[in-house]
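**Q** Numbering (the numbering used here), first residue to last: 8 to 189. So that we are looking at the same thing, I have put the structure below in structure tokens.
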Amino acid sequence: MLNDKLGAASLFYSSGRDQEFAKMAIDVRNVRGRRDVAIETYDDILRDAEQLMRGGKIRSLGNWTAGQNFEHLAKAMDASIDGVAYTMPLWMRAIAKLFKSWFLNRPFKPGFQLPPQLENDFGPSPCISDEEGFRLLKESVVRIKSTDQRAPSPAFGQMPESDWIKLHCRHAALHLSFLVNE
8 MLNDKLGAAS LFYSSGRDQE FAKMAIDVRN VRGRRDVAIE TYDDILRDAE
58 QLMRGGKIRS LGNWTAGQNF EHLAKAMDAS IDGVAYTMPL WMRAIAKLFK
108 SWFLNRPFKP GFQLPPQLEN DFGPSPCISD EEGFRLLKES VVRIKSTDQR
158 APSPAFGQMP ESDWIKLHCR HAALHLSFLV NE
């Protein structure tokens, strides 16, 4: 996929295709001018995205458009309800659980690369418009707030709702920080 992994070293996976594309992509670990985005609730995610949409032309400082970022966040929320077919290997889940609290209580760092097995579940469409991505994000926020159903996380397994909120809010703050109004 584009933004999160391009130009960034993967924690667990790498492929020749990723390395070739990374030569053309922005190294998101070194982007300057990102917004400081504070998000603590699902409503905050939607509020920030709405402000961007109302603010005129949106410029992305990363590799994904606003629509792609919105769609990616929507897919992550939907996956926390519906689940995904992939589960990380046991040794990775064991390590992830050790660092879960640390991971969920700090801002996410740019540059994480999705495992190839999750690209279809979480990667954005190549040509999605900002409006369509925003519509999907809005639908996903409404949906996640309207149900208690949660699937196991591929990394952390079953999680309480408070952890899901932290995960989605930190994740959204990272992606939305790359979007600025011109």
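Every residue, glycine too, gets a C-beta built ideally from N, C-alpha and C. Note that the coordinates shown come from a computational prediction; the quantities given were computed from them, not determined experimentally.
Measure the beta-carbon distance from residue 175 to residue 76 and round it to whole angstroms, keeping in mind my assumption that it falls under 8 Å.
**A** Actually they are not in contact, since the Cβ atoms of residue 175 and residue 76 sit about 14 Å apart, beyond 8 Å.
**Q** Three or more C-beta pairs closer than 8 Å, one from the region 74-90 and one from the region 113-130: is that the case here?
**A** Contact holds: three or more Cβ-Cβ distances are below 8 Å.
**Q** What residues in its chain sit with their C-beta under 7 Å from that of residue 91, if we drop five residues either side in the sequence?
**A** Within the same chain, residue 91 has close Cβ partners 125, 128 and 161.
**Q** What would DSSP say about residue 172, mapped onto helix, strand or coil?
**A** Three-state result, residue 172: helix.
**Q** Does residue 164 pass the burial test, meaning 16 or more other C-beta atoms within 10 Å, or should it be called exposed?
**A** So residue 164 counts as exposed.
**Q** At which residues does the alpha helix (DSSP H) containing residue 102 begin and terminate?
**A** Its alpha helix (DSSP H) spans residues 97-105.
**Q** Are the Cβ atoms of residue 186 and residue 65 separated by less than 7 Å?
**A** Cβ distance < 7 Å, so residue 186 and residue 65 count as in contact.
**Q** Can you tell me whether residue 108 is buried or exposed? The criterion is at least 16 other CB atoms within 10 Å of its CB, across all chains shown.
**A** With fewer than 16 other Cβ atoms within 10 Å, it is exposed.
**Q** Who are the Cβ neighbours of residue 178 in its own chain at under 8 Å, not counting the five residues just before and after it?
**A** Within the same chain, residue 178 has close Cβ partners 80, 83 and 115.
**Q** To the nearest angstrom, report how far apart residue 34 and residue 69 are at their CA atoms.
**A** So the two alpha carbons sit approximately 8 Å from each other.
**Q** Jot down the residue ranges of each uninterrupted alpha helix (DSSP H) in the region 32-104, minimum 4 residues, whole runs only, in chain order.
**A** List check, alpha helix (DSSP H) in window: 49-61 and 73-89.
**Q** DSSP three-state label for residue 140, please.
**A** Helix.
**Q** Secondary structure at residue 188, three-state DSSP: helix, strand or coil?
**A** Reduced to three states, the DSSP call for residue 188 is strand.
**Q** Quick one: give me the first and last residue of the alpha helix (DSSP H) that residue 127 is part of.
**A** That run of the alpha helix (DSSP H) goes 126-129.
**Q** Could you give the distance in angstroms between the alpha-carbon of residue 148 and the alpha-carbon of residue 50?
**A** Taking the straight line joining both Cα atoms gives about 8 Å.
**Q** What is the rounded straight-line gap between the Cα of residue 159 and the Cα of residue 166?
**A** Answer to the nearest angstrom: the Cα atoms are 7 Å apart.
**Q** Could you tell me the distance, in whole angstroms, from the CA atom of residue 40 to the CA atom of residue 54?
**A** The straight-line gap from Cα to Cα measures roughly 21 Å.
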